[in-house]
Amino acid sequence: MALKKIPAAACAALLMLTCLLGAAGCSAPTPEDAIRASLSQKLDGIKSLDDSFLTELQDDLDVNRFSEYGIDGKEFMKGYFEGFDYAIDSIVVDGDTATATVTLQCKSFSQYRDQLTAAAKELVGDRSKLASMSNDEVNAAYGALITQTLENVENAPTSSFTITYRLNGENDTWEPANAVEHEISSAILTN
Numbered sequence: 034m035a036l037k038k039i040p041a042a043a044c045a046a047l048l049m050l051t052c053l054l055g056a057a058g059c060s061a062p063t064p065e066d067a068i069r070a071s072l073s074q075k076l077d078g079i080k081s082l083d084d085s086f087l088t089e090l091q092d093d094l095d096v097n098r099f100s101e102y103g104i105d106g107k108e109f110m111k112g113y114f115e116g117f118d119y120a121i122d123s124i125v126v127d128g129d130t131a132t133a134t135v136t137l138q139c140k141s142f143s144q145y146r147d148q149l150t151a152a153a154k155e156l157v158g159d160r161s162k163l164a165s166m167s168n169d170e171v172n173a174a175y176g177a178l179i180t181q182t183l184e185n186v187e188n189a190p191t192s193s194f195t196i197t198y199r200l201n202g203e204n205d206t207w208e209p210a211n212a213v214e215h216e217i218s219s220a221i222l223t224n
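To convert, count from 1 in the sequence shown and add 33; that's this note's numbering.
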């Protein structure tokens, strides 16, 4: 009878050890991991051209004004973020605040602006052509310039920028101190 109790006791001990090891593997993520996951979710939304995130950025960058030139703002954003990528360079936690340093890879806004300005000057320089065009035709021609210029702009890294996170004590989660979309927009517009 004693031999039958040994395997049961060994099984119970093995089961208890398995549960303890399993519980150790299910510990809460580190603050760095939680912040990285939160930030990656936002940035992956851009990378995958997520509709809702692109709409937020579209509003933040005010590309809806391109509609008078026959350009859909969301389609413009999709073209702008073609080939987008990012790197989370570092995450530094200091008590209940943290700073994530990020670098984006996207179309160069300064290159886009400079090329569009040059193309618009060329269009305006041909006064005889403009004189024969209606307002709608001029707007359509400018819209075509906007689209063509965007297609020709190369991707370039942004300057590294930081996003501050704070620990929310009520639900013990790390949340951005400011809207991440605003930080991303600022980095893009200075690229």
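The beta-carbon is built from N, C-alpha and C at its ideal position, and this holds for glycine as well.
For this session: Give a yes or no on contact between the segment 198–211 and the segment 59–79, applying the rule of three or more CB pairs nearer than 8 Å.
Result: As far as the Cβ criterion goes, the segment 198–211 touches the segment 59–79, which means the pair count is three or higher.
For this session: Assign Ala-56 to one of two classes, buried (16 or more other C-beta atoms within 10 Å of its C-beta) or exposed (fewer than that).
Result: Working through the sequence shown from its first residue, we reach residue 56 at position 23. Note on Ala-56: pLDDT 45, under 50, position unreliable in the model; the coordinate value appears next. Answer is exposed; the Cβ neighbour count stays below 16.
Exercise. If you follow the alpha helix (DSSP H) that Pro-190 is part of, which residue opens it and which one closes it?
Worked result: The residue given as residue 190 occupies position 157 in the sequence shown. If you look at Pro-190, you'll find it isn't in any alpha helix (DSSP H); it sits in the beta strand (DSSP E) that goes 188–190.
Exercise. Identify the residues that DSSP records as bridge partners of Ile-196: which are they?
Worked result: Numbered from its first residue, the sequence shown carries residue 196 at position 163. Ala-133.
Exercise. Hey, is the segment 148–168 in contact with the segment 89–106, meaning 3+ C-beta pairs nearer than 8 Å?
Worked result: Here the segment 148–168 does not lie against the segment 89–106, with fewer than 3 beta-carbon pairs under 8 Å apart.
Problem set entry | Bridge-paired residues (DSSP) for Thr-206 | Counted from its first residue, the sequence shown places residue 206 at position 173. As computed with DSSP, Thr-206 is found in a beta bridge with Asn-201.
Problem set entry | Three-pair Cβ contact test at 8 Å for the segment 191–203 versus the segment 116–136 | At 8 Å Cβ cutoff, the stretches touch.
Exercise. If we ignore side chains and look at the alpha-carbon of each, how far apart do Asn-97 and Thr-197 end up?
Worked result: The residue you call residue 97 lines up with position 64 of the sequence shown. The residue you call residue 197 lines up with position 164 of the sequence shown. Using only the alpha carbons, I get a separation of about 29 Å.
Problem set entry | C-alpha gap between Gly-78 and Lys-107, whole angstroms | As a working note, residue 78 is residue 45 in the sequence shown. As a working note, residue 107 is residue 74 in the sequence shown. A straight-line Cα-Cα distance of about 14 Å links Gly-78 and Lys-107.
Problem set entry | At least 3 beta-carbon pairs within less than 8 Å: the segment 153–162 vs the segment 124–138 | Contact between the segment 153–162 and the segment 124–138 is absent, because fewer than three Cβ pairs lie under 8 Å.
Problem set entry | Cβ separation of Val-213 and Lys-75, assumed to be a contact under 8 Å, to the nearest whole Å | The residue given as residue 213 occupies position 180 in the sequence shown. The residue given as residue 75 occupies position 42 in the sequence shown. Right, the Cβ-Cβ distance comes to about 5 Å (below 8 Å), so this counts as a contact.
Problem set entry | For Ser-123, the first and last residue of its enclosing beta strand (DSSP E) | One-based indexing of the sequence shown puts residue 123 at position 90. In the DSSP assignment, Ser-123 falls within the beta strand (DSSP E) that extends over 118–127.
For this session: Return the CA-CA distance between Asp-18 and Gly-158, expressed in angstroms with no decimal places.
Result: Summary: the structure shown does not reach residue 18, with the chain confined to residues 34 through 224, and so no result is reported for it.
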